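There are 2 protein chains.
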Amino acid sequence: MIIDCHGHYTTAPKQLEEYRNRQLAELKHDPAHAATAWPLDISDDQIRESLENAQLRIQRERGTDLTIFSPRAVGMGHHIGNESTSRYWSESCNELIHRVCELYPRNFAGVCQLPQTPGVRPGNCIAELERCVNEFGFIGCNLNPDPSGGYWTGPPLTDKWWYPLYEKMVELGVPAMIHVSGSCNPNFHATGAHYINGDTTAFMQLITGDLFKDFPTLKFIIPHGGGAVPYHWGRYRGLAQDMGRPPLKELLLNNVFFDSCVYHQPGIELLLKVIPADNILFASEVVGAVRGIDPDTGHYYDDTRRYIDSVDWLSAADREKIFHGNARRVYGRLGARCGDPARA
Amino acid sequence: MIIDCHGHYTTAPKQLEEYRNRQLAELKHDPAHAATAWPLDISDDQIRESLENAQLRIQRERGTDLTIFSPRAVGMGHHIGNESTSRYWSESCNELIHRVCELYPRNFAGVCQLPQTPGVRPGNCIAELERCVNEFGFIGCNLNPDPSGGYWTGPPLTDKWWYPLYEKMVELGVPAMIHVSGSCNPNFHATGAHYINGDTTAFMQLITGDLFKDFPTLKFIIPHGGGAVPYHWGRYRGLAQDMGRPPLKELLLNNVFFDSCVYHQPGIELLLKVIPADNILFASEVVGAVRGIDPDTGHYYDDTRRYIDSVDWLSAADREKIFHGNARRVYGRLGARCGDPARA
Numbered sequence: 001m002i003i004d005c006h007g008h009y010t011t012a013p014k015q016l017e018e019y020r021n022r023q024l025a026e027l028k029h030d031p032a033h034a035a036t037a038w039p040l041d042i043s044d045d046q047i048r049e050s051l052e053n054a055q056l057r058i059q060r061e062r063g064t065d066l067t068i069f070s071p072r073a074v075g076m077g078h079h080i081g082n083e084s085t086s087r088y089w090s091e092s093c094n095e096l097i098h099r100v101c102e103l104y105p106r107n108f109a110g111v112c113q114l115p116q117t118p119g120v121r122p123g124n125c126i127a128e129l130e131r132c133v134n135e136f137g138f139i140g141c142n143l144n145p146d147p148s149g150g151y152w153t154g155p156p157l158t159d160k161w162w163y164p165l166y167e168k169m170v171e172l173g174v175p176a177m178i179h180v181s182g183s184c185n186p187n188f189h190a191t192g193a194h195y196i197n198g199d200t201t202a203f204m205q206l207i208t209g210d211l212f213k214d215f216p217t218l219k220f221i222i223p224h225g226g227g228a229v230p231y232h233w234g235r236y237r238g239l240a241q242d243m244g245r246p247p248l249k250e251l252l253l254n255n256v257f258f259d260s261c262v263y264h265q266p267g268i269e270l271l272l273k274v275i276p277a278d279n280i281l282f283a284s285e286v287v288g289a290v291r292g293i294d295p296d297t298g299h300y301y302d303d304t305r306r307y308i309d310s311v312d313w314l315s316a317a318d319r320e321k322i323f324h325g326n327a328r329r330v331y332g333r334l335g336a337r338c339g340d341p342a343r344a
Numbered sequence: 001m002i003i004d005c006h007g008h009y010t011t012a013p014k015q016l017e018e019y020r021n022r023q024l025a026e027l028k029h030d031p032a033h034a035a036t037a038w039p040l041d042i043s044d045d046q047i048r049e050s051l052e053n054a055q056l057r058i059q060r061e062r063g064t065d066l067t068i069f070s071p072r073a074v075g076m077g078h079h080i081g082n083e084s085t086s087r088y089w090s091e092s093c094n095e096l097i098h099r100v101c102e103l104y105p106r107n108f109a110g111v112c113q114l115p116q117t118p119g120v121r122p123g124n125c126i127a128e129l130e131r132c133v134n135e136f137g138f139i140g141c142n143l144n145p146d147p148s149g150g151y152w153t154g155p156p157l158t159d160k161w162w163y164p165l166y167e168k169m170v171e172l173g174v175p176a177m178i179h180v181s182g183s184c185n186p187n188f189h190a191t192g193a194h195y196i197n198g199d200t201t202a203f204m205q206l207i208t209g210d211l212f213k214d215f216p217t218l219k220f221i222i223p224h225g226g227g228a229v230p231y232h233w234g235r236y237r238g239l240a241q242d243m244g245r246p247p248l249k250e251l252l253l254n255n256v257f258f259d260s261c262v263y264h265q266p267g268i269e270l271l272l273k274v275i276p277a278d279n280i281l282f283a284s285e286v287v288g289a290v291r292g293i294d295p296d297t298g299h300y301y302d303d304t305r306r307y308i309d310s311v312d313w314l315s316a317a318d319r320e321k322i323f324h325g326n327a328r329r330v331y332g333r334l335g336a337r338c339g340d341p342a343r344a
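Protein chains in written order, with this note's numbering: chain A, 1 to 344; chain B, 1 to 344.
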């Protein structure tokens, strides 16, 4: 049993993009435009077609069972438009994920995009989070630590600004993957810089703040192998120590988890060496940021299962934790929902 | 012979801080205040005292010979004040580095801070770069890719905005370490997030641009082990490939180098495994970001020589390159200046 905790619907039918383009056109005409909901005219067959030769084929080829699935991250675009833009766009994206999970309950478990907007209190995301969890059976959310899209104009994750949302997450028993979206800052390539920086930044915010004293059961997944963090684990341990903070294990590792989206063997080995097995969740982010075949290995860069399988010193118990045990623990609602592999 | 390519004068006599505080006070009174130069009343003995029990003691203890030495990075503060603030502050900091190098020519080789200011064309840094190289014998500069201090409001490093400075660097034959300064953005802890993000961001900018077609001999050192880059080397190789860029080795590795400021054994091993030995320069950044002793090893986190010495599969030839050969090659003026260890 292998659960991939990090998949986005990057192959959604073109009507979704047309929906977004219609929003963009209206915003161009009037930036203060109050968006409204439109129906998404997508058939079940179109959804099937978008997945069969992509995520589902890859699941079969790589022997993974269930993907924790959310809207395309780079497409969340929280910096675009206003609160109403983000609301209707997020609702549409989430409804489409719901349909995917209904069509393939054994293959996908839903995670929602939140209707964040720069400068708007994150409490505005609670209604959509509740709808996705309670009505759709979603098991988590993606939380953008920088809704400004690369200018980082909002408060850090440890600020009370975010607390109402955290309270709801704890009440619902759902974790968040800390995941930025696209970058509108020309300094940051989205998947090559902004993503990785977002991961690194979030972790360092959590070292300096006391968030988990206030929310002892709140859980965050830091994607892309934790950004730069495992590579600089000595730096982070040392910085925490110099600041008089508790050891990282005690300070964070009941609450913070890393996925395994690291696209080469030495990186995966570092991750497995440095981060306790209890804190690593298998993931590949397919179909995602890197789509090619590594000429040095003849395999897809993002075939992360292959790297983990190649690590002969990883114990069977740790492998089980990484491949599914931790995902079930961190995404506590996984057992309760339609996509539950235990039910399969 | 061991050259540490990354040291900052973090222990400067308190008069330097007083100088800065005087600038800050004047700016508080009048943000448009045109700064002027004041003399720094620091004696040679005070300089000796600031180094003897810090950088020099550590050089002796760790068996390193020469430190490539620049003003305190977090103190550059290019986002503070205006162009005149940055000019006089940089000049003062650089003059102090010059005095250090004059007092200890065998221990230190100078690298300058540039008087960058957000929104001001980097051509304004040429006069100070020329002064430092031609009059003081400095061998390089630190280039801040984000003079806004964490808001990234300027253009990327590949933009023609920077070209006049690059032209002068090439003419003078000096490389730049790409090094951000302090962060005035509450999202970014300086040494825990902004530094590492700056490194990662710069590398990705260089992948997407064609800077080294225009400047085939321009050389950059990316500090802190290259930020997240070596850990995500597969991601960067794959992204370049997906974008139709040449392989990274061909695209960048004649021009881009990584230092070894990675503060734990697995991180150093990853760096040495993934990045060609020709592209790694020994560095520790002492006295720097992490000052404590790792309770797991009993040694200083930043004692990076120890990690490299422990890698038994590193060939003697590669070790020589990393410890001094590459530094002499990248900092081409090292042989010509007073601190030349070959002269010692």
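Don't be surprised by glycine CBs; every beta carbon is placed ideally from N, CA and C. Only a predicted model underlies this, so the values are computations on that prediction, with no experimental measurement involved.
Do the stretch 310 to 320 of chain A and the stretch 52 to 65 of chain B meet, that is, are 3 or more Cβ pairs less than 8 Å apart?
-> Contact fails: fewer than three Cβ-Cβ distances are below 8 Å.
Taking C-alpha atoms, which residue in A:K219, A:T85 and A:L157 lies nearest to G24 of chain A?
-> The sequence position of residue 24 of chain A within the first sequence is 24, counting from 1. According to the sequence as given, residue 24 of chain A is Leu; it is not Gly. Here the closest residue by C-alpha is A:T85.
Any 3 or more C-beta pairs closer than 8 Å across the stretch 197 to 213 of chain B and the stretch 157 to 169 of chain B = yes
Give a yes or no on whether the minimum CB-CB distance between D242 of chain A and chain B is below 8 Å.
-> Position 242 of the first sequence holds residue 242 of chain A. Yes, D242 of chain A counts as interfacial toward chain B.
So with Cβ pairs under 8 Å, would you call P266 of chain A a contact of chain B?
-> Start at 1 with the first residue of the first sequence, and residue 266 of chain A comes out as number 266. With 8 Å as the cut-off, P266 of chain A counts as an interface residue toward chain B.
Give every residue of the same chain whose Cβ lies closer than 8 Å to the Cβ of R72 of chain A, excluding the five residues on either side of it in the sequence, and list them in chain order.
-> By 1-based counting over the first sequence, the position of residue 72 of chain A is 72. Hits under 8 Å: H8, Y9, T10, A12 and C93.
Within-8 Å CB hit, T309 of chain A to chain B | Stepping through the first sequence from its first residue, residue 309 of chain A is reached at position 309. Here residue 309 of chain A is Asp; the residue named in the question, Thr, does not match the sequence. Closer than 8 Å: no.
Determine which residues share a DSSP beta bridge with M177 of chain A and list them.
-> Mapped onto the first sequence, residue 177 of chain A falls at position 177. Partner(s): A:N142 and A:I221.
Taking 8 Å as the CB-CB limit, is K249 of chain A close to chain B?
-> Looking up residue 249 of chain A in the first sequence gives position 249. With 8 Å as the cut-off, K249 of chain A does not count as an interface residue toward chain B.
Contact set for D44 of chain B: own chain, Cβ-Cβ below 8 Å, skip 5 residues either direction = The residue given as residue 44 of chain B occupies position 44 in the second sequence. The residues are R99 and L103.
Can you tell me which of the three DSSP states S148 of chain B falls into?
-> Here residue 148 of chain B is taken as the residue at index 148 of the second sequence, counted from 1. DSSP places S148 of chain B in coil when its eight states are reduced to three.
Specify the secondary structure class of G192 of chain B as computed by DSSP and reduced to three states.
-> Against the second sequence, residue 192 of chain B aligns to sequence position 192. For G192 of chain B, the three-state secondary structure derived from DSSP is helix.
Is the distance from the Cβ of F203 of chain A to the Cβ of G238 of chain A below 8 Å?
-> Along the first sequence, read from residue 1 onward, the residue named residue 203 of chain A stands at position 203. Along the first sequence, read from residue 1 onward, the residue named residue 238 of chain A stands at position 238. Not in contact: F203 of chain A and G238 of chain A (Cβ atoms no closer than 8 Å).
How would you list, in chain order, the residues of chain A whose beta-carbon sits under 8 Å from the beta-carbon of V111 of chain B?
-> Locating residue 111 of chain B in the second sequence gives position 111, counting from the first residue. The contacting residues do not exist; V111 of chain B stays about 22 Å from chain A at best.
Beta-carbon separation of G225 of chain B and V256 of chain B under 8 Å?
-> Start at 1 with the first residue of the second sequence, and residue 225 of chain B comes out as number 225. Start at 1 with the first residue of the second sequence, and residue 256 of chain B comes out as number 256. No. Outside cutoff.
Beta-carbon separation (whole angstroms), N144 of chain B vs S181 of chain B, contact threshold 8 Å | Here residue 144 of chain B is taken as the residue at index 144 of the second sequence, counted from 1. Here residue 181 of chain B is taken as the residue at index 181 of the second sequence, counted from 1. Right, the Cβ-Cβ distance comes to about 6 Å (below 8 Å), so this counts as a contact.
Taking the alpha-carbon positions, what's the G123 of chain B to K249 of chain A distance?
-> On the second sequence, position 123 is the one that residue 123 of chain B refers to. On the first sequence, position 249 is the one that residue 249 of chain A refers to. Distance between the alpha carbons of G123 of chain B and K249 of chain A: 47 Å.
At a Cβ threshold of 8 Å, is F188 of chain B touching chain A?
-> The residue given as residue 188 of chain B occupies position 188 in the second sequence. Cβ-Cβ to chain A under 8 Å: yes for F188 of chain B.
Would DSSP call C5 of chain A helix, strand or coil?
-> Within the first sequence, the letter at position 5 stands for residue 5 of chain A. Of the three classes helix, strand and coil, the one that applies to C5 of chain A here is strand, per DSSP.
Neighbour-count burial assignment, D4 of chain A, 16 or more Cβ in a 10 Å radius | Here residue 4 of chain A corresponds to residue number 4 of the first sequence, with the count starting at 1. With 16 or more Cβ atoms within 10 Å of its Cβ, D4 of chain A is classed as buried.
Would you identify the three-state DSSP class for A342 of chain A, choosing helix, strand or coil?
-> What you label residue 342 of chain A is simply residue 342 of the first sequence in a count that begins at 1. Unreliable positioning characterises A342 of chain A in this predicted model, as indicated by a pLDDT of 46, which lies under 50. The coordinate reading is nonetheless provided below. If DSSP states are grouped into helix, strand and coil, A342 of chain A belongs with the helices.
Assess, as a yes-or-no matter, whether the stretch 263 to 273 of chain B is touched by the stretch 189 to 205 of chain A under the definition of 3 or more beta carbon pairs within less than 8 Å.
-> no
My guess is that D302 of chain A and G288 of chain A are in contact by the Cβ rule of under 8 Å, so how many angstroms apart are they, rounded?
-> As a position in the first sequence, residue 302 of chain A is number 302, starting the count at 1. As a position in the first sequence, residue 288 of chain A is number 288, starting the count at 1. The Cβ separation is near 6 Å, so the contact holds.
Can you list the residues of chain A that P156 of chain B reaches, using a CB-CB cut of under 7 Å?
-> As a first step, residue 156 of chain B is located in the second sequence; it is residue number 156 there, counting from the start. Neighbours of P156 of chain B on chain A, chain order: P186 and N187.
Which parts of the stretch 279 to 323 of chain A are runs of the alpha helix (DSSP H), unbroken and 4 residues or longer, counting only runs that do not cross its ends?
-> Taken in chain order, the complete alpha helix (DSSP H) segments of 4 or more residues contained in the stretch 279 to 323 of chain A are 304 to 309 and 316 to 320.
Extent of the continuous beta strand (DSSP E) run through F258 of chain B = By one-based count along the second sequence, residue 258 of chain B stands at place 258. Unbroken beta strand (DSSP E) run through F258 of chain B: V256 to D259.
How would you write the range of the alpha helix (DSSP H) that A109 of chain B sits in, first residue to last?
-> For this step, residue 109 of chain B is matched to residue 109 along the second sequence. Element bounds for A109 of chain B: not the alpha helix (DSSP H) but the beta strand (DSSP E), F108 to Q113.
Using a Cβ cut-off of 8 Å (strictly closer), state whether Y166 of chain A contacts chain B.
-> Residue 166 of chain A sits at position 166 when you count from the first residue of the first sequence. Between Y166 of chain A and chain B, the shortest Cβ-Cβ separation is not below 8 Å.
Chain B within 8 Å of N205 of chain A, Cβ atoms only = Taking the first sequence and counting its residues from 1, one reaches residue 205 of chain A at position 205. Inspection of the sequence shows that residue 205 of chain A is occupied by Gln rather than by Asn. Taking Cβ atoms only, chain B reaches closer than 8 Å to Q205 of chain A, which makes this a yes.
Contacting residues, own chain, Cβ-Cβ under 8 Å from A354 of chain A (five flanking each side not counted) | Because chain A spans 1 through 344 in this model, residue 354 of chain A falls outside it and cannot be assessed.
Could you tell me whether the stretch 136 to 153 of chain A touches the stretch 165 to 175 of chain A, using the rule of 3 or more Cβ pairs below 8 Å?
-> yes
Where do the N-terminal and C-terminal ends of the beta strand (DSSP E) with L66 of chain A fall, by residue?
-> As a working note, residue 66 of chain A is residue 66 in the first sequence. Residues L66 to P71.
Pull up the distance between the alpha-carbon of R343 of chain A and that of C101 of chain A, whole angstroms please.
-> Reading the first sequence from its first residue, position 343 is the one you call residue 343 of chain A. Reading the first sequence from its first residue, position 101 is the one you call residue 101 of chain A. Reliability of the predicted coordinates at R343 of chain A is poor, the pLDDT of 43 falling under 50, and the value obtained from them is presented with this limitation in mind. Cα to Cα, R343 of chain A sits roughly 15 Å from C101 of chain A.
Mind checking the stretch 212 to 243 of chain A against chain B and listing, in chain order, the residues whose C-beta falls within less than 8 Å of any C-beta there?
-> Flagged, chain order: H224, G225, G227, A228, P230, Y231, H232, W233, G234, R235, Y236, R237, G238, L239, Q241 and D242.
Any C-beta of chain A sitting closer than 8 Å to the C-beta of L281 of chain B?
-> Translated into positions along the second sequence, residue 281 of chain B becomes position 281. With its beta carbon at least 8 Å from every one in chain A, L281 of chain B lies outside the interface.
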